[in-house]
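>
Chains as they are written, first to last, in this note's numbering: chain A, 69 to 508; chain B, 31 to 323.
#1: Could you spell out the range, first to last residue, of the alpha helix (DSSP H) harbouring residue 32/B?
#2: Determine the DSSP secondary structure at residue 59/A, reduced to helix, strand or coil.
#3: Report the option in 197/A, 461/A and 232/A whose CA atom is closest to the CA atom of residue 401/A.
#4: Do residue 221/B and residue 45/B have their beta-carbon atoms positioned less than 9 Å apart in this structure?
#5: Along the chain, where does the alpha helix (DSSP H) that runs through residue 171/B open and close?
#6: Taking DSSP as the reference, what is the three-state secondary structure of residue 147/A?
#7: Using only the alpha-carbon positions, how far apart do residue 503/A and residue 491/A sit?
#8: Would you verify that the beta carbon of residue 484/A is, or is not, closer than 9 Å to some beta carbon of chain B?
#9: Given this structure, state the Cα-to-Cα distance separating residue 456/A from residue 444/A, to the nearest angstrom.
#10: For residue 349/A, which of 328/A, 336/A, 439/A and 334/A has the nearest alpha-carbon?
#11: Is the shortest distance between the beta-carbon of residue 361/A and the beta-carbons of chain B less than 9 Å?
#12: Since I believe residue 237/B is in contact with residue 77/B (beta carbons under 8 Å), could you give me their beta-carbon distance rounded to a whole number of angstroms?
#13: Going by the C-beta, is residue 363/A closer than 8 Å to any heavy atom of the ligand ZN?
#14: Run through chain A and tell me which residues come within less than 7 Å of residue 90/B, C-beta to C-beta.
#15: Residue 56/B and residue 270/B: beta carbons closer than 9 Å?
#16: Since residue 182/B and residue 50/B are thought to touch, with beta carbons under 8 Å apart, how far apart are those beta carbons, to the nearest angstrom?
#17: Leaving out the 5 sequence neighbours to the left and right, which residues in its chain are closer than 7 Å to residue 164/A when beta-carbon positions are compared?
#18: For the beta strand (DSSP E) that contains residue 488/A, what are its first and last residues?
#19: Nearest to residue 85/B by alpha carbon, out of 154/B, 101/B and 109/B?
#20: Got a sec: which bits of the segment 262-287 of chain B sit with their beta carbon under 7 Å from any beta carbon on chain A, in order along the chain?
#21: Check each residue of the segment 129-161 of chain B: if its Cβ is closer than 8 Å to any Cβ of chain A, include it; give the result in chain order.
#22: Would you list the residues sitting across from residue 183/A in a DSSP beta bridge?
#23: Given a cut-off of 9 Å on the beta-carbon distance, is the pair residue 251/A and residue 235/A in contact?
#24: Put residue 241/B into one of helix, strand or coil per three-state DSSP.
#25: I need the straight-line Cα distance from residue 205/A to residue 244/A, nearest angstrom please.
#26: By DSSP's criteria, residue 324/A is part of a beta bridge. Which residues make up the other side?
#27: If contacts are defined as beta-carbon pairs under 8 Å, then residue 282/B and residue 325/A qualify, I think. What distance do you get, rounded to the angstrom?
#28: With 9 Å as the threshold, decide whether the Cβ of residue 86/B is near any Cβ in chain A.
#29: Could you tell me whether the Cβ of residue 504/A comes closer than 9 Å to any Cβ of chain B?
#30: Using the Cα positions of residue 127/A and residue 342/A, report the straight-line distance between them to the nearest angstrom.
#31: Mind checking if residue 49/B is an interface residue toward chain A, Cβ cutoff 9 Å exclusive?
#32: Mind pulling the chain B residues with CB within less than 7 Å of residue 355/A?
#33: CA-CA distance, residue 140/B and residue 157/A?
#34: What residues from chain A crowd round residue 166/B, counting only those whose CB sits closer than 7 Å?
#35: Where does residue 454/A land, buried or exposed, given buried means 16+ other C-beta within 10 angstroms?
#36: Taking the alpha helix (DSSP H) that residue 477/A falls in, what are its first and last residues?
Have a look at this one:
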């Protein structure tokens, strides 16, 4: 009976959210996968109610610490459907970690076994998956899935069953407004704080070299807009005058009018909440008007390496800033080993950011288990709330809601390549291109 | 004042391109009462082909339509003869189902063969502008607009000055009458579908330069194009032109004087207002509904 209700609300919801990856017209779009975005906008009403029903089962307060059996870690990932690309990368990240840890003898002296199921990018299925992993398969530990859309309901299943839930993605503000005790987000910062590192950079400039005016166009996107809004407020505090703000819909295709408005106001800095094609579109339009700001920051668009440089022309990428959670060249512990192991396992490919985030989530779980020394979910969560963990993304710490308190990386396109310019401990170069050269 | 002129000219340029993209859609509906939901997917398909040709051979993307247009004519003709013809005489909703299936097929094929990535052709002029006084006219948009005018003029001439065109119009206005005087309904419909599909040759090539696209981009485009032809009157070529110009102007004027976020709303509000007064759209006629009813 309750199951029926769950099914009905979930089906209706999926009709709205489970769309092909990207942009549909107007109101019923699902947010484009941003490379770091992770949250798809609509977190539907009724999810929580559905979870209360779905999560019945014996709370596994302390699972067996029998050392003869492998340590099982339950994971559901979007291996098919809208988020299959990031989902597959996350799976690789987890598997590279499991192989590395097993080569060293596992955790707590037990071999680690991943139990990965496919949730088909569907909120309904992800809830069923985690419920089954916890109540039927009785896994020892959990790791999170991909995107806020899926992590939102999945983390509620874990919370209900009092199991630690370390997620590699899912940085939407709403994730941390529920007061969960078992949720840990294994990236450096939540969505609105992604651009803090950019603010720090502006702050580091001598007062007379800071940008004096700024324009803030942003897509109406749950990831891009909060980043830009926080950035604007912080820069205003530093005395950077806001000369233009605008929000455009996801299906906007023509950016000439926005570019004209920006060019007319001649801001020193343009900071755009750009998912992808809007980032390319605005740069093209600015170039058509021959207006090149001294500093250009875009949220996600420039992280799509080849697609971005193809879209605006490689020469025009010079000096563009963006933020990102991980870099393959970062000198963080195990990063080099991770990149090498990944390349070895997958035809010499470079890991995607999503694979690195998953690897880091597993590192966080590993640190807690090793330090606590037993599988006690509450003790694991408490330990993570109180301690710092060193990952390939850098050092991570969390507040009581599981929101991370670190900094993203500030990346900049230099000579056709991406370099990390801040923070200092993870920078790959000391050179920062400022001001940005004019368009080529 | 410059701001207003800039917004108006840009709106017209953008609208012209929209008109070209919508022209095949309205033509096919006008003649066959087929709502070709796959039109957007065909545009993306051509954009992908054009991008590939441009990258491999360096040929100008807009010139590449010399190749893609006949190709899409063939694709349209073949599709009509093999697939579409089977739903002739069925309700409009059948055509929506069938062509939606075609759209998904094209999207799936592109996903597998070309990959789920954004592309855009970037010939030398893609980010340059003509300047007239204080007004800036992006070259790609201008070329797109000129190509749109050329294609729309050609379509108009074909439809009004050639026998085949008259046959198409005759079939649209009175299928029974046309059949009585010896117009083959199937051949005419196949021709109309092929011509309608062929317009995506030029449309898609311009799209590849102006708008970054990926396989699922067609959802965005088809909703926009359907809006245009509903406003203009389904089946009317001048209607598609006017509908497209209204959309282009709605975009640039709302973006200039308010915020781009309202432009979609403004456009659909215009559609609703027009439909309240004229349920057949600006240039639609009720005749066709009477004939097929």
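C-beta atoms are modelled at their ideal positions from N, C-alpha and C, and glycine is treated no differently.
Just so it is clear, the structure is predicted and the values come from calculations on it, not from any experiment.
Straight from the coordinates:
#1: Within the second chain, the letter at position 2 stands for residue 32/B. From DSSP, the alpha helix (DSSP H) with residue 32/B extends over 32-62.
#2: Only positions 69 to 508 of chain A appear in the structure, and residue 59/A is not among them; the question remains open.
#3: Position 333 of the first chain, counted from the start, is the residue given in the question as residue 401/A. Comparing Cα positions, the closest option is 461/A.
#4: By one-based count along the second chain, residue 45/B stands at place 15. By one-based count along the second chain, residue 221/B stands at place 191. No, the pair does not count as a contact, with Cβ atoms beyond the cut-off.
#5: Position 141 of the second chain, counting from 1, holds the residue named residue 171/B. Run containing residue 171/B: 169-191, per the alpha helix (DSSP H) assignment.
#6: Counted from its first residue, the first chain places residue 147/A at position 79. In this structure, residue 147/A counts as coil in the three-state DSSP scheme.
#7: Counting from 1 along the first chain, the entry for residue 503/A is found at position 435. Counting from 1 along the first chain, the entry for residue 491/A is found at position 423. Cα to Cα, residue 503/A sits roughly 19 Å from residue 491/A.
#8: Position 416 of the first chain, counted from the start, is the residue given in the question as residue 484/A. Not one chain B Cβ lies under 9 Å of residue 484/A.
#9: Counting from 1 along the first chain, the entry for residue 456/A is found at position 388. Counting from 1 along the first chain, the entry for residue 444/A is found at position 376. About 19 Å.
#10: In the first chain, counting from the first residue as 1, residue 349/A sits at position 281. It is 328/A.
#11: As a first step, residue 361/A must be located in the first chain, where it is residue number 293. With 9 Å as the cut-off, residue 361/A does not count as an interface residue toward chain B.
#12: Against the second chain, residue 77/B aligns to sequence position 47. Against the second chain, residue 237/B aligns to sequence position 207. Contact holds; Cβ gap of about 5 Å.
#13: No copy of the ligand ZN occurs in the structure displayed, which carries no ligand at all.
#14: In the second chain, counting from the first residue as 1, residue 90/B sits at position 60. Residues of chain A passing the Cβ test: none, with the nearest at roughly 16 Å.
#15: As a position in the second chain, residue 56/B is number 26, starting the count at 1. As a position in the second chain, residue 270/B is number 240, starting the count at 1. Contact flag set, yes.
#16: Position 152 of the second chain, counted from the first residue, corresponds to residue 182/B. Position 20 of the second chain, counted from the first residue, corresponds to residue 50/B. About 7 Å separates the two Cβ atoms, so the contact holds.
#17: Along the first chain, one-based indexing puts residue 164/A at 96. Closer than 7 Å at Cβ, skipping near neighbours: 406, 409, 410, 413 and 427.
#18: Taking the first chain and counting its residues from 1, one reaches residue 488/A at position 420. That run of the beta strand (DSSP E) goes 485-490.
#19: For the purposes of this step, residue 85/B is taken as the residue at position 55 of the second chain. Of the listed residues, the one whose Cα sits closest to residue 85/B is 154/B.
#20: 281, 282, 285 and 286
#21: 137, 146, 147, 148, 149, 150, 152, 156, 157, 158 and 159
#22: Here the question's residue 183/A lines up with position 115 in the first chain. BP columns for residue 183/A point to 142/A.
#23: The residue labelled residue 251/A in the question sits at position 183 within the first chain. The residue labelled residue 235/A in the question sits at position 167 within the first chain. Yes. Within cutoff.
#24: Here residue 241/B refers to the residue found at position 211 when the second chain is read from its first residue. Note: residue 241/B maps to coil in three-state DSSP.
#25: Residue mapping note: residue 205/A aligns to position 137 of the first chain, counting from 1. Residue mapping note: residue 244/A aligns to position 176 of the first chain, counting from 1. Approximately 28 Å, taken between the alpha carbons.
#26: The residue you call residue 324/A lines up with position 256 of the first chain. In DSSP, residue 324/A forms no bridge with anything.
#27: Taking the second chain and counting its residues from 1, one reaches residue 282/B at position 252. Taking the first chain and counting its residues from 1, one reaches residue 325/A at position 257. So it is a contact: roughly 5 Å between Cβ atoms.
#28: Within the second chain, numbered from 1, the residue matching residue 86/B stands at position 56. Taking Cβ atoms only, chain A never reaches closer than 9 Å to residue 86/B, which makes this a no.
#29: Counting from one through the first chain, the residue named residue 504/A turns up at place 436. Residue 504/A does not count as touching chain B.
#30: Numbered from 1 along the first chain, position 59 holds the residue referred to as residue 127/A. Numbered from 1 along the first chain, position 274 holds the residue referred to as residue 342/A. Confidence at residue 127/A is low in this model, with a pLDDT of 49, below 50, so its placement is unreliable and the value that follows should be read with caution. Approximately 42 Å, taken between the alpha carbons.
#31: Taking the first residue of the second chain as position 1, residue 49/B is located at position 19. Chain A contact via Cβ: absent.
#32: Counting from 1 along the first chain, the entry for residue 355/A is found at position 287. Near residue 355/A (Cβ distances below 7 Å), the residues of chain B are 157.
#33: Taking the second chain and counting its residues from 1, one reaches residue 140/B at position 110. Taking the first chain and counting its residues from 1, one reaches residue 157/A at position 89. Going by the C-alpha atoms only, they are around 21 Å apart.
#34: As a position in the second chain, residue 166/B is number 136, starting the count at 1. Residues of chain A passing the Cβ test: 356 and 357.
#35: Reading the first chain from its first residue, position 386 is the one you call residue 454/A. Exposed, because fewer than 16 other Cβ atoms sit within 10 Å of the Cβ of residue 454/A.
#36: Position 409 of the first chain holds residue 477/A. From DSSP, residue 477/A is part of no alpha helix (DSSP H) but of the beta strand (DSSP E) over 477-482.
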